[in-house]
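Step one of this worksheet: look at the structure below.
Residue numbers (the numbering used here), protein chains in the order written: chain X, 1 to 319; chain P, 1001 to 1361.
Right, here's the structure in full:
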């Protein structure tokens, strides 16, 4: 019994429990909610965002945040698209996209570590720059990339006809990220910094270097997300990823990260995102009026978050 | 003697008659030239110092391409200049801000396309006070002086979409909609579509509407959910091309046997139509909007109209066209090639939005 209790003290398990409750609630309304097709499509709908979520969790863990992720993903798509259309080489486009992601990661890192800007203002500025650049490159309208090679389109398809490549990448990146967060000394330095930057500095951790590495990692993850987006949608839209950053901050916090830093769970973020996805899909399957959809999904989210908070308080009280 | 007197009298009479006739003609000509303070020949020759602006929301959207080309063509033909500006979003605050910036540039006239005209009343009145001629498209602006409101007839356009779907489905079955609540012009479109469907094909049920906005990722997710829940859905109607692109992605991923029809095109949508992934698109004629809008602005600016009504007392403007409606095309695989905007601009030697009318070849 104590083992079961201990299990429910784990944040991720609580979130899975909440998803189970959602399954029961929405499943009673519409049996199609429980179907494999719906589950797969829901996970697919959050997978690209989830890849970026690994980075967003790291940012929160070190006591920062990154508001530029959505815009950088859009810019990566735009750059990849333009390079492909100019050269006919999609691999070159992918490399250019990754490079742009890395550049913005470096830019964020420099603004925060070298110029001492707060993470909020630094990443807000780079968000505007990235979005503006995406607008310039796309000229305000989705870039047509239906002519990318079939193998690139395949990346947006299914592995062995069974599981979407994008979901597969999402799972791999999440698992690697979670393992590194728990086991890797290098990554755990970020948590120490998030807990107490001064103490971390005095204990010999190079705070600036760790911060820089985190933001470059986020940039590279944005690059990966952008490439997958192009492979899936065959277009580069200037408004892609709008609102992604706030969705990710919400998911990371629900997943166990603290806005003050020092805490974070990449698996928790991923599960929280999937939970948000199920809430959205449940709303559609319930046939909620189009004017009510946003409100109802956020009310359900509020209930889920309150339930999680209640369980957390109970856990702390019992300790 | 008598013959000489008679001849002299007749000659004198003829001379006098000619003189009087000449004076009369001269008087008539003088009278006409006095009345020629009204515009006459050459009225449609303007100056490149006059700059007219076309403002849109979602600026850069493929839809506005031929719109601006029409605006520029009319400007070029009139000998005036034209520029394109706009808000990159469909957020009304952004559009109003751009409008105010245009007013500060001392424009000769403004053609504006708000996503929601009701929010524009205050700035439009400011425009009226500054005597800047105003033409409106897409969504009417209430309680202000507008030379012309030009729009495609949502009722007629959605009727075409409804008939296309209805005939294909044999008059009965289920369809779904991907909509954009909160964007006034698209809300009108969605409402018109539903009304037409109800009237023309009452046995076709709209089983679900999703709030997709202009988000292709959301469009894909929504279509997955819709088809999961309503497997008998045969058609999905999208009120904008971004949602349609997402719908096509979902269709391909899921292998769904569902047809998609949308409004407006972009190169992605046209390719999908040619590949058979997207059934059709309804495309209005934006060129006519731009051309007629520019013409009306010019006429309003130069007060070329002198109608038989009480505009001189200030009770109403000289030009007031409450609605000029344009037609639309059904874009299918057979005619999709015509609608590629890049090809169109290339043929015209135009650089599109970055160009001013005076530089148009």
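Ideal Cβ placement from N, Cα and C applies to all residues, glycine included.
- In this structure, P:1243 is the residue among P:1239, P:1243 and P:1202 with its C-alpha nearest to the C-alpha of residue 1222 of chain P.
- Buried is the label assigned to residue 1056 of chain P, since at least 16 other Cβ atoms lie within 10 Å of its Cβ.
- For residue 1053 of chain P, DSSP records a beta bridge to P:1083 and P:1110.
- Chain X places no beta carbon closer than 8 Å to that of residue 1145 of chain P, leaving this residue out of the contacts.
- Residue pairing by DSSP places residue 1208 of chain P opposite P:1176 in a beta bridge.
- Spanning the alpha carbons of residue 203 of chain X and residue 60 of chain X requires a straight line of approximately 21 Å.
- By the Cβ-count criterion, residue 1316 of chain P is exposed, with fewer than 16 other Cβ atoms from all chains shown falling within 10 Å of its own Cβ.
- When C-beta atoms of the region 1148–1167 of chain P are compared with those of the region 1118–1133 of chain P, fewer than three pairs fall below 8 Å, so the two segments do not count as touching.
- Taking the CA atoms as reference points, residue 1185 of chain P sits about 31 Å from residue 1314 of chain P.
- Rounded to the nearest whole angstrom, the CA to CA distance from residue 1256 of chain P to residue 1276 of chain P is 13 Å.
- Taking CB atoms only, residue 232 of chain X has a neighbour in chain P less than 8 Å away.
- Between residue 1226 of chain P and chain X, the shortest Cβ-Cβ separation is below 8 Å.
- Unbroken beta strand (DSSP E) runs of no fewer than 3 residues, entirely contained in the region 281–305 of chain X, are not found.
- With contact defined as three or more Cβ pairs closer than 8 Å, the region 1201–1221 of chain P and the region 1166–1173 of chain P are in contact.
- Beta-bridge partners assigned by DSSP to residue 1260 of chain P: P:1236.
- Residue burial is scored here from C-beta neighbours: residue 1159 of chain P has at least 16 other C-beta atoms within 10 angstroms and is therefore classed as buried.
- By the C-beta criterion, the region 276–283 of chain X is judged to be in contact with the region 34–44 of chain X, since at least 3 inter-stretch pairs fall below 8 Å.
- In this structure, the alpha-carbon of residue 112 of chain X lies about 12 Å from that of residue 63 of chain X.
- Residue 1137 of chain P is bridged by DSSP to P:1150.
- If you look at residue 1075 of chain P, you'll find it in the alpha helix (DSSP H) that goes 1064–1078.
- Taking a beta-carbon distance threshold of 8 Å, residue 197 of chain X does not count as an interface residue toward chain P.
- Taking the C-beta atoms as reference points, residue 145 of chain X is found no nearer than 8 Å to residue 75 of chain X.
- Contact between residue 65 of chain X and residue 249 of chain X holds: CB atoms are separated by about 6 Å, below the 8 Å threshold.
- At a beta-carbon threshold of 9 Å, none of the residues of chain X lie near residue 1170 of chain P; the nearest stands roughly 25 Å away.
- Taking 8 Å as the cut-off, the Cβ atoms of residue 1178 of chain P and residue 1264 of chain P do not count as close.
- Within the model, the alpha-carbon separation for residue 1267 of chain P versus residue 143 of chain X is close to 8 Å.
- Per DSSP, the continuous alpha helix (DSSP H) segment holding residue 200 of chain X begins and ends at 197–202.
- Ranked by how close their Cα comes to the Cα of residue 1359 of chain P, the residues P:1080, P:1227, P:1113 and P:1060 have P:1080 in first place.
- When DSSP states are grouped into helix, strand and coil, residue 181 of chain X belongs to the helix group.
- For residue 1127 of chain P, the closest Cβ of chain X is not nearer than 8 Å.
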